[in-house]
Amino acid sequence: MQQSTMCLHSGYTPGNGEPRVLPICQSTTFRYESTAAIARLFDLEEPGFFYTRLGNPTVDAVEQKIAALEGGVGALCTSSGQAATTTLVLTLCKAGDHLVCSSQVYGGTFNLLAVTLKRFGIATTFIDQHASDEEIEKAFTPQTRLVIGETLANPALSVLDIKRLAAIAHRHRVPLAVDNTFATPILCRPFDYGADLVVHSTTKYMDGHAVQLGGVVVDSGNFDWAASELFPEFVEPDPSYHGLVYTQAFGKQAFIVKARVQIMRDLGCCQSAQGAFYLNLGLETLPLRMVQHSQNAQQVAEYLSTHSKVAGVRYPGLKNDPYHALAQQYLKDGMCSGVMSVELKGGRQAGAGFIDHLKLCSPEVHVADIRTCVLHPASSTHRQMTDEQLNQAGISPGLVRLSVGLENTADILEDLEQALGSF
Ligand code: PLP
Numbered sequence: 040m041q042q043s044t045m046c047l048h049s050g051y052t053p054g055n056g057e058p059r060v061l062p063i064c065q066s067t068t069f070r071y072e073s074t075a076a077i078a079r080l081f082d083l084e085e086p087g088f089f090y091t092r093l094g095n096p097t098v099d100a101v102e103q104k105i106a107a108l109e110g111g112v113g114a115l116c117t118s119s120g121q122a123a124t125t126t127l128v129l130t131l132c133k134a135g136d137h138l139v140c141s142s143q144v145y146g147g148t149f150n151l152l153a154v155t156l157k158r159f160g161i162a163t164t165f166i167d168q169h170a171s172d173e174e175i176e177k178a179f180t181p182q183t184r185l186v187i188g189e190t191l192a193n194p195a196l197s198v199l200d201i202k203r204l205a206a207i208a209h210r211h212r213v214p215l216a217v218d219n220t221f222a223t224p225i226l227c228r229p230f231d232y233g234a235d236l237v238v239h240s241t242t243k244y245m246d247g248h249a250v251q252l253g254g255v256v257v258d259s260g261n262f263d264w265a266a267s268e269l270f271p272e273f274v275e276p277d278p279s280y281h282g283l284v285y286t287q288a289f290g291k292q293a294f295i296v297k298a299r300v301q302i303m304r305d306l307g308c309c310q311s312a313q314g315a316f317y318l319n320l321g322l323e324t325l326p327l328r329m330v331q332h333s334q335n336a337q338q339v340a341e342y343l344s345t346h347s348k349v350a351g352v353r354y355p356g357l358k359n360d361p362y363h364a365l366a367q368q369y370l371k372d373g374m375c376s377g378v379m380s381v382e383l384k385g386g387r388q389a390g391a392g393f394i395d396h397l398k399l400c401s402p403e404v405h406v407a408d409i410r411t412c413v414l415h416p417a418s419s420t421h422r423q424m425t426d427e428q429l430n431q432a433g434i435s436p437g438l439v440r441l442s443v444g445l446e447n448t449a450d451i452l453e454d455l456e457q458a459l460g461s462f
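If you want the numbering used here, it's the 1-based position in the sequence shown plus 39.
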């Protein structure tokens, strides 16, 4: 199936007389006819639902759809994007382990790694994703277990050279995980370029309507955990499942099953059936929306980049953008989603003045929505960062993040024009 067909049909095929639309299975639990049947589920000898924290038919259908869209062997929905990244890291790392992560990742990911997981003994070295291979390789230690980057970084709007980062990670026998939130599988499928794992904040374009919080971890099935020899928990018996060995029992799905039955079991950061239902509605129109968001944003970026009050626009769809070539290489038809960063002449004050004069485009702690929204990262999502860390992440104090929605571009441009003329 093509992606637009998958968006409508993957994950749920109704039988004769069954609901046409994916039903919300609003049940925490499932009935079985014998204790022996339940025991087989608990021992992971048979697939099946027994408690919604570990799996639910509505959530499962959406997981199958997202796995199909990314070209993976399995997916695990979580209660938020943050929960997805936490699940990703904790499935692979324990106290004493180490990660290599791009310094341009989303502020919440930076905080999770630099502060919270550090408190639990998992260390991270942040790298400049555009440094030479030699520079990046200096960050690796014998304890390194994972490399993380973002396809289209929030809000630096840099494009990750996925092939190169995957090759570096693999030289060190560890997987590359890519946060594919802004691109979505419609604009980029990181597994096609060698990434091993993908995470999303489904709160963004996948839902797209700002109605539910969610995340997802997707497994390509391509990383060979046994051959790496750095992941004993995948090849040695798990005492919490009577000595089950993930690679032996689940083959290519070893990672995603471990994430579900061990980390989701213990952390409980699951997606609800209701949340998955909303996410599924969003996914049905994702291909249409990603094309329109990208076309609208391209027009807005071209307009802003020539405006006398604008110092610069970062949008990889612009020909003079430093990431234009990478965008052409990695993003479908060079489409770059709806998000851009705008630097106004006059720094912090001008950025705030511009936002305060907008009428149609609204200030929100959100991006990737059908409605155009704006945000000042230095005073919101990235406020925990020092100036030096902000600069490393590619964010200046006067930067405004603009997420172009699906309104008619004539109306968006008119609003931007009047706001730029008002201060
Ligand atoms: N990853 C990226 C790229 C994001 O933009 C966000 C949120 O903005 C997250 C992860 C975290 O997702 P959530 O807000 O759903 O927890």
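Just so you know, even glycine gets a beta-carbon here, dropped at the ideal spot from N, CA and C.
Opposing strand residues paired with residue i [DSSP bridges]
| i | result |
| --- | --- |
| D305 | Partner(s): none; D305 has no beta bridge. |
| L414 | R440 |
| A216 | I187 and L236 |
| G254 | T117 and S240 |
| Y90 | T68 |
| L283 | D277 |
Check: residue i C-beta below 7 Å from any heavy atom of the ligand PLP
| i | result |
| --- | --- |
| N150 | no |
| T324 | no |
| E189 | yes |
| N193 | yes |
| T220 | yes |
| S43 | no |
| T242 | yes |
| L83 | no |
| L252 | yes |
| Y145 | yes |
| S141 | no |
| G120 | yes |
Spatial neighbours of residue i in its chain, beta-carbon cut-off 7 Å, leaving aside the 5 residues before and after
| i | result |
| --- | --- |
| Q103 | S49 and G50 |
| P96 | C64 and F88 |
| A350 | E382, L383 and K384 |
| L152 | L138, C140 and T163 |
| A340 | V352, Y354, G356, L357 and M379 |
Neighbourhood of residue i by C-beta, 6 Å cutoff - its chain only, sequence neighbours within 5 removed
| i | result |
| --- | --- |
| C132 | I161 and R184 |
| N335 | V443 and T448 |
| K398 | D454 |
| D246 | L318 and G321 |
| T67 | T91 |
| S461 | H396 |
| D136 | I161, Q182 and R184 |
| D277 | L283 |
| V238 | A123, T124, L127, D218 and V256 |
| T180 | H137 |
| V144 | E189 |
| G147 | Q121 |
8 Å Cβ shell around residue i - same chain, five flanking residues per side excluded
| i | result |
| --- | --- |
| G542 | Nothing about residue 542 can be read from this structure; the chain reaches only from 40 to 462. |
| D82 | Y280, H281 and L283 |
| M45 | K104, A107 and L108 |
| R203 | D172 |
| E174 | I166 and D167 |
Classification of residue i by the beta-carbon crowding that lies within 10 angstroms, buried from 16 upward
| i | result |
| --- | --- |
| K243 | buried |
| N219 | buried |
| F159 | exposed |
| R328 | buried |
| V186 | buried |
What are the start and end residues of each continuous beta strand (DSSP E) run of 3 or more residues lying completely inside the segment 99–141, in chain order? Within the segment 99–141, the runs of beta strand (DSSP E) at least 3 residues long that lie entirely inside it are, in chain order, 113–117 and 137–141.
Enumerated in chain order, which unbroken segments of the alpha helix (DSSP H) with a length of 4 residues or greater are wholly contained in the segment 150–208? Counting only runs of 4 or more, we get 172–176.
Quick one: complete beta strand (DSSP E) runs, 3+ long, within the segment 318–404? Within the segment 318–404, the runs of beta strand (DSSP E) at least 3 residues long that lie entirely inside it are, in chain order, 349–353 and 378–383.
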